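Take a look at the structure below.
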Amino acid sequence: MIETVFAIAVELGKVLLFLSMILVCLRIARGPHAGDRVVALDMLCLLGVGVAALAAITSESMAFIDVVLGIALIGFLATVAFAAFIERGSTQNGED
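Using my numbering, the letters of the sequence shown map in sequence onto residues 1 to 96.
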């Protein structure tokens, strides 16, 4: 009984993550502003963390935990870098 519920929860998680990734990719493509794209990119990194976490759960391998930490770190650094880029670009454009 518990194995069945677990299998259903994992499959439901996979479907929801896939649908979320599609919607986030649409937001990255459509924008309308750079800030929206950066937030969507950060969300895509978080969804990647979710996919790697599901892989760790289903395979019962601790190696995916390192992948989760790596994706989370890179996503955080990318978000901070893009935010600084947007801020610097908006102040340069505002002074002209």
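Glycine residues also receive a C-beta, built at the ideal position from the N, C-alpha and C atoms. The structure displayed is predicted, hence computed values, not measured ones.
Using DSSP with H/G/I as helix, E/B as strand and the rest coil, what is residue i?
i     : result
Glu60 : coil
Met1  : coil
So, residue i versus residue j, is the Cβ gap smaller than 8 Å?
i     : j     : result
Val49 : Ile71 : yes
Gly35 : Ile86 : yes
With distances taken from CA atoms, which of the options is nearest residue i?
i     : options                     : result
Val10 : Ala29, Leu44 and Ala56      : Ala56
Cys45 : Phe18, Ala7, Phe6 and Leu12 : Phe18
Thr79 : Ser59, Thr4 and Met43       : Met43
Using only the alpha-carbon positions, how far apart do residue i and residue j sit?
i     : j     : result
Ile22 : Val67 : 22 Å
Ser20 : Leu77 : 22 Å
Met1  : Leu12 : 17 Å
Ile8  : Gly89 : 47 Å
Ala53 : Phe64 : 7 Å
Ala83 : Leu41 : 11 Å
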